[in-house]
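Throughout, the working numbering is defined as the position within the sequence shown, counted from one, plus 5.
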Amino acid sequence: MIRHIVFFSVPDREDLQTVREGLAILTGIPHARHLEIGTSAKSDLFDNSVDLVVYGEFDDEVALAAYRAHPLYQESISIVKPLRELRIAADYETEGAVVSGGE
Numbered sequence: 006m007i008r009h010i011v012f013f014s015v016p017d018r019e020d021l022q023t024v025r026e027g028l029a030i031l032t033g034i035p036h037a038r039h040l041e042i043g044t045s046a047k048s049d050l051f052d053n054s055v056d057l058v059v060y061g062e063f064d065d066e067v068a069l070a071a072y073r074a075h076p077l078y079q080e081s082i083s084i085v086k087p088l089r090e091l092r093i094a095a096d097y098e099t100e101g102a103v104v105s106g107g108e
């Protein structure tokens with residue numbers, strides 16, 4: 006399984022809801038096993054620059070690629086990109102992850 010995590014910052018507070026709604030479009034894409042859009046609690050002790058998070062789980066690279074190729078993905082980008090500042094993304098295979106309990 007692949008986990009897909011993307012962090013966004015939105016410099017203008019007035020745009021935060023618009024960006025969240027733009028990211029919520031992604032939940033209509035059928036290729037994810039699970040997809041969440043969350044607002045940061047801003048509770049980190051060192052850095053609170055992240056405003057929104059996209060968290061997704063995909064069966065494999067094919068499913069992730071299909072997600073990115075879906076028309077709703079482009080629709081979301083067209084809304085979010087002009088309003089966001091920071092965008093940091095990471096994808097990783099869960100099979101190679103270090104997990105608690107040494108599994």
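Just so it is clear, CB atoms sit at the ideal spot from N, CA and C, and this is done for glycine as well.
Where residue i sits in the DSSP three-state scheme
i	result
V5	Lying outside 6 to 108, the shown extent of the chain, residue 5 is not represented and no answer is given.
L31	helix
D65	coil
A94	strand
Sequence-distant residues of its chain with Cβ nearer than 7 Å to residue i (five each side left out)
i	result
S14	S54, V55, D56, R89, E90, L91
L21	V15, D56
A71	H36
N- and C-terminal bounds of the beta strand (DSSP E) containing residue i
i	result
L50	Careful: L50 lies outside any beta strand (DSSP E) and carries neither H nor E.
L40	39–44
**Asked** Does the pairing of the segment 79–94 with the segment 24–34 give three or more beta-carbon distances under 8 Å?
**Response** yes
**Prompt:** Does the pairing of the segment 82–99 with the segment 36–48 give three or more beta-carbon distances under 8 Å?
**Reply:** By the Cβ criterion, the segment 82–99 is not in contact with the segment 36–48, since fewer than three pairs of Cβ atoms, one from each stretch, lie closer than 8 Å.
**Asked** Does the segment 9–28 come within contact of the segment 58–69, defined as at least 3 CB pairs closer than 8 Å?
**Response** By the Cβ rule, the segment 9–28 counts as touching the segment 58–69, because three or more pairs are nearer than 8 Å.
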